[in-house]
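Visitor:
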Amino acid sequence: MSIDNPHIPVLLNEVIENLSPRDGGVYIDGTFGNGGYTSAVLDKCNCKVIAFDRDENVLSKVKEVKEKYGDRFIFFQNTFSNILKTMKENDIPQVDGLMLDIGISSMQIDNADRGFSFRMDAPLSMAMGKNEFDAEEVLNNFSEEELSDIFYKYGEEPRSRVIAKRIVLRRGEKPFKTSFDLTDLIKAMFGEWQASKIIPRIFQALRIYVNDELGELAKVLNDSYEILASGGRLVVVDFHSLEDRIVKNFIRENTLQTKATSRYIPDTIQNSDNEKIHFKNLSKNVIIPNIKEIRNNPRARSAKLRSVQKI
Numbered sequence: 036m037s038i039d040n041p042h043i044p045v046l047l048n049e050v051i052e053n054l055s056p057r058d059g060g061v062y063i064d065g066t067f068g069n070g071g072y073t074s075a076v077l078d079k080c081n082c083k084v085i086a087f088d089r090d091e092n093v094l095s096k097v098k099e100v101k102e103k104y105g106d107r108f109i110f111f112q113n114t115f116s117n118i119l120k121t122m123k124e125n126d127i128p129q130v131d132g133l134m135l136d137i138g139i140s141s142m143q144i145d146n147a148d149r150g151f152s153f154r155m156d157a158p159l160s161m162a163m164g165k166n167e168f169d170a171e172e173v174l175n176n177f178s179e180e181e182l183s184d185i186f187y188k189y190g191e192e193p194r195s196r197v198i199a200k201r202i203v204l205r206r207g208e209k210p211f212k213t214s215f216d217l218t219d220l221i222k223a224m225f226g227e228w229q230a231s232k233i234i235p236r237i238f239q240a241l242r243i244y245v246n247d248e249l250g251e252l253a254k255v256l257n258d259s260y261e262i263l264a265s266g267g268r269l270v271v272v273d274f275h276s277l278e279d280r281i282v283k284n285f286i287r288e289n290t291l292q293t294k295a296t297s298r299y300i301p302d303t304i305q306n307s308d309n310e311k312i313h314f315k316n317l318s319k320n321v322i323i324p325n326i327k328e329i330r331n332n333p334r335a336r337s338a339k340l341r342s343v344q345k346i
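Quick note on numbering: the sequence shown equals residues 36 to 346 in my numbering.
1) Output needed for Ser307: all residues of its chain with C-beta closer than 8 Å, excluding positions within five of it in sequence on either side, in chain order.
2) What does a CB cutoff of less than 7 Å around Phe115 pick up in its chain, not counting 5 residues either side in sequence?
3) For Asp279, which of Cys80, Asp258, Ala253 and Asn113 has the nearest alpha-carbon?
4) Between the region 205-217 and the region 259-267, can you find at least three pairs of beta-carbon atoms closer than 8 Å?
5) If you drop the 5 nearest sequence neighbours on each side, which residues of the same chain put their C-beta closer than 8 Å to that of His275?
6) Let me know the alpha helix (DSSP H) ranges lying completely inside the region 78-134, each 4 residues or longer, listed in chain order.
7) Taking 8 Å as the threshold, find out whether the region 44-60 comes into contact with the region 108-126 through three or more Cβ pairs.
8) Report yes if the C-beta distance between Ile185 and Ile221 is below 9 Å; otherwise report no.
9) Roughly how many angstroms separate the alpha carbons of Phe215 and Asp247, rounded to a whole number?
10) Please state whether DSSP places Ala157 in a helix, a strand or coil.
11) To the nearest angstrom, how far is it from the Cα of Arg196 to the Cα of Asn332?
12) List the endpoints of the continuous beta strand (DSSP E) containing Arg314.
13) Going by beta carbon distance, what residues of the same chain come within less than 7 Å of Ile323, once the five residues before and after it are set aside?
14) Helix, strand or coil: how does DSSP classify Gly65 here?
15) Can you tell me which residues form a DSSP beta bridge with Arg268?
16) Taking 6 Å as the limit between beta carbons, can you name the residues of its chain near Ile300, skipping five residues before and five after?
17) Spatial neighbours of Val347 within its chain, please: C-beta separation below 6 Å, excluding the five flanking residues on both sides.
18) Could you check the C-alpha separation between Val93 and Leu159 for me, to the nearest Å?
19) Using a Cβ-Cβ cutoff of less than 6 Å, which residues in the same chain neighbour Ile326 once the five nearest sequence positions on both sides are dropped?
20) Check Leu263 in the structure and name its three-state DSSP category.
21) For His313 versus Ile346, is the C-beta distance shorter than 9 Å?
22) Using the beta-carbon count (16 or more within 10 Å), is Pro193 buried or exposed?
23) Going by DSSP, name the residue or residues bridged to Asp273.
24) Distance check for Arg236 and Glu191, CA to CA, integer angstroms please.
25) Where does Tyr234 sit, in a helix, a strand or coil, going by DSSP?
26) In the DSSP assignment, what are the bridge partners of Thr290?
27) Among Leu277, Val245, Val282 and Arg242, whose alpha-carbon lies nearest the alpha-carbon of Ser259?
28) Closer than 6 Å by C-beta to Asn146: which residues in its own chain qualify, once you throw out the five before and the five after it? Chain order, please.
29) Starting from Lys327, trace the alpha helix (DSSP H) in both directions and tell me its first and last residue.
30) With the cut-off set at 9 Å, would you say Ala157 and Val245 are in Cβ contact?
31) Do Arg287 and Ile43 come within 9 Å of each other at the CB atom, strictly closer than that value?
Next comes the structure, spelled out in C-alpha cells:
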C-alpha cells in the first residue's frame, strides 16, 4: 500500500450504489478511517454525512474533509456502538443511510507503533482508541483458560490451548512487550511455515478481543432500526467469517424472507416472527469484489457487502 494512498475504500462503487445517496439526505459513516466513503457520498450529491471513528489518528483527515465540505460534514470521535446514543444526545433525527466498513484499516496496520502488524516489531497495543486494556495486558495477565478461549473464539485457532499454556510459561520468565516477542514464541513452537498460518489468527483474536469488535458490530446492527428513517439503508462491508456470521444472522432474523415455490408461482413471504420484520434485502446475493479491484487492492480479496432497507 503506498504512502500516498494509505487506505483504499473497498467496494466503493458498490457501497455508493447500495446506499443510494440523494440531495437533501443525511448519511452516517460509522467507520470514517481515511474518509473514502464519506468523501464519495458528499461528492455524489448535495447531502450531509455524519462520521464516527474511535481512532484519534484520523483527526488530520477529518480536518481536510471538514475544510472541503464545510457544514455538510460532521464528525464524532466515538465508537460506532455509540452512534444511537450520540444522536440522542445531540438531537440528531433518524438518517437516510448507515454505512460500515468493519475491521482494521490499512492505516492502522501500517503504523508500526500500534502493534497491529505481526510483520513489524512494535509495542503490543492493538488498541483502536482509548481502551480499558491492550494486548500486552491480556498476554501478561489473563489466565491460561482465558487466553485459550480468546484464541479459539476470535481466531478460530485449533491449537489455542497449547499456545496459551506456552504463553503463560514464557511470561513467567520474561513478560511480553513487543509483537516479535509473541511471533518468535509461536515460530519456536511450530516452525516458520506452520507459524505463518497460526500467527495471523492469534493477532486477529487479540485485536478483536481488545477492541470488542464483535460486540461493537452486534450493538450497531441492533441499533440500526432506530438510527434509520423509514426507507433508510444499511450497508455493511466485512472481511472475515466471524463478522460476516453476525451480519448474516442479523439480516436473516430481521428481514422479509422470500421463498420461491415454483418458477410459475410468485415468491411467497416467509417469516416465523412478524414482529422481527424490520428490513428488506436489497440484493439476493452477497456482493464481492471483482478481479480488477482485488489486483489493485489485495485487502479487498475477502470483502463481502450486504445491504438492507428499513421498511
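For glycine and all other residues, C-beta sits at the position ideal for the given N, C-alpha and C.
Guide: Short version:
1) For this step, residue 307 is matched to residue 272 along the sequence shown. With a pLDDT of 49 at Ser307, under the threshold of 50, the modelled position of that residue is not reliable, and the figure given next carries that caveat. Correct list: empty, nothing qualifies.
2) Against the sequence shown, residue 115 aligns to sequence position 80. Excluding residues within five positions, the ones whose Cβ falls inside 7 Å are Gly65, Thr66, Phe87, Leu135, Glu251 and Val255.
3) By one-based count along the sequence shown, residue 279 stands at place 244. Among Cys80, Asp258, Ala253 and Asn113, the Cα nearest to that of Asp279 belongs to Ala253.
4) no
5) For the purposes of this step, residue 275 is taken as the residue at position 240 of the sequence shown. Gly138, Gln239 and Ser337.
6) 94-104 and 118-124
7) no
8) Taking the first residue of the sequence shown as position 1, residue 185 is located at position 150. Taking the first residue of the sequence shown as position 1, residue 221 is located at position 186. No, the Cβ-Cβ distance between Ile185 and Ile221 is not below 9 Å.
9) Within the sequence shown, the letter at position 180 stands for residue 215. Within the sequence shown, the letter at position 212 stands for residue 247. Rounded to whole angstroms, Phe215 to Asp247 spans 23 Å at the Cα level.
10) On the sequence shown, position 122 is the one that residue 157 refers to. Three-state DSSP puts Ala157 in coil, outside helix and strand.
11) Indexing the sequence shown from 1 puts residue 196 at position 161. Indexing the sequence shown from 1 puts residue 332 at position 297. Distance between the alpha carbons of Arg196 and Asn332: 35 Å.
12) As a working note, residue 314 is residue 279 in the sequence shown. In the sequence as presented, Arg is not what sits at residue 314; that position holds Phe. Start and end: Phe314 to Asn316.
13) As a working note, residue 323 is residue 288 in the sequence shown. These residues qualify, in order along the chain: Ala338 and Lys339.
14) In the sequence shown, counting from the first residue as 1, residue 65 sits at position 30. Looking at Gly65 - three-state DSSP - the assignment turns out to be coil, as it is neither helix nor strand.
15) Within the sequence shown, residue 268 is the residue found at index 233, counting from 1. Arg268 is bridged to Gly132 and Gln344.
16) By 1-based counting over the sequence shown, the position of residue 300 is 265. Low confidence applies here, because Ile300 scores a pLDDT of 42, under 50, leaving its location unreliable and the question unanswered by this model.
17) Residue 347 cannot be examined here, being either before or after the span of the chain that is shown, 36 to 346.
18) Numbered from 1 along the sequence shown, position 58 holds the residue referred to as residue 93. Numbered from 1 along the sequence shown, position 124 holds the residue referred to as residue 159. Distance between the alpha carbons of Val93 and Leu159 is about 20 Å.
19) On the sequence shown, residue 326 is found 291 positions in, with the first residue counted as 1. There are no such residues.
20) Indexing the sequence shown from 1 puts residue 263 at position 228. It is a strand residue.
21) The count along the sequence shown starts at 1 and reaches residue 313 at position 278. The count along the sequence shown starts at 1 and reaches residue 346 at position 311. Against a cut-off of 9 Å, the Cβ pair of Ile346 and His313 comes out as a contact.
22) Counting from 1 along the sequence shown, the entry for residue 193 is found at position 158. Pro193 should be labelled exposed.
23) Position 238 of the sequence shown holds residue 273. DSSP lists Lys339 as partners of Asp273.
24) Working through the sequence shown from its first residue, we reach residue 191 at position 156. Working through the sequence shown from its first residue, we reach residue 236 at position 201. Looking at the two C-alpha atoms, the distance is approximately 7 Å.
25) In the sequence shown, residue 234 corresponds to position 199, counting from 1. Checking the sequence, you will find Ile at residue 234 rather than Tyr. Note: Ile234 maps to helix in three-state DSSP.
26) Taking the sequence shown and counting its residues from 1, one reaches residue 290 at position 255. Note: Thr290 sits in a beta bridge opposite Phe314.
27) The residue you call residue 259 lines up with position 224 of the sequence shown. Of Leu277, Val245, Val282 and Arg242, the residue nearest in Cα terms is Val282.
28) On the sequence shown, residue 146 is found 111 positions in, with the first residue counted as 1. In this predicted model, Asn146 has a pLDDT of only 46, less than 50, meaning its place in the structure is not dependable enough to derive any value.
29) Within the sequence shown, the letter at position 292 stands for residue 327. It spans Ile326 to Asn331 - the alpha helix (DSSP H) in which Lys327 sits, taken as one unbroken run.
30) Within the sequence shown, the letter at position 122 stands for residue 157. Within the sequence shown, the letter at position 210 stands for residue 245. Taking 9 Å as the Cβ cut-off, Ala157 and Val245 do not qualify as a contacting pair.
31) As a position in the sequence shown, residue 43 is number 8, starting the count at 1. As a position in the sequence shown, residue 287 is number 252, starting the count at 1. In this structure, Arg287 does not lie closer than 9 Å to Ile43 by Cβ.
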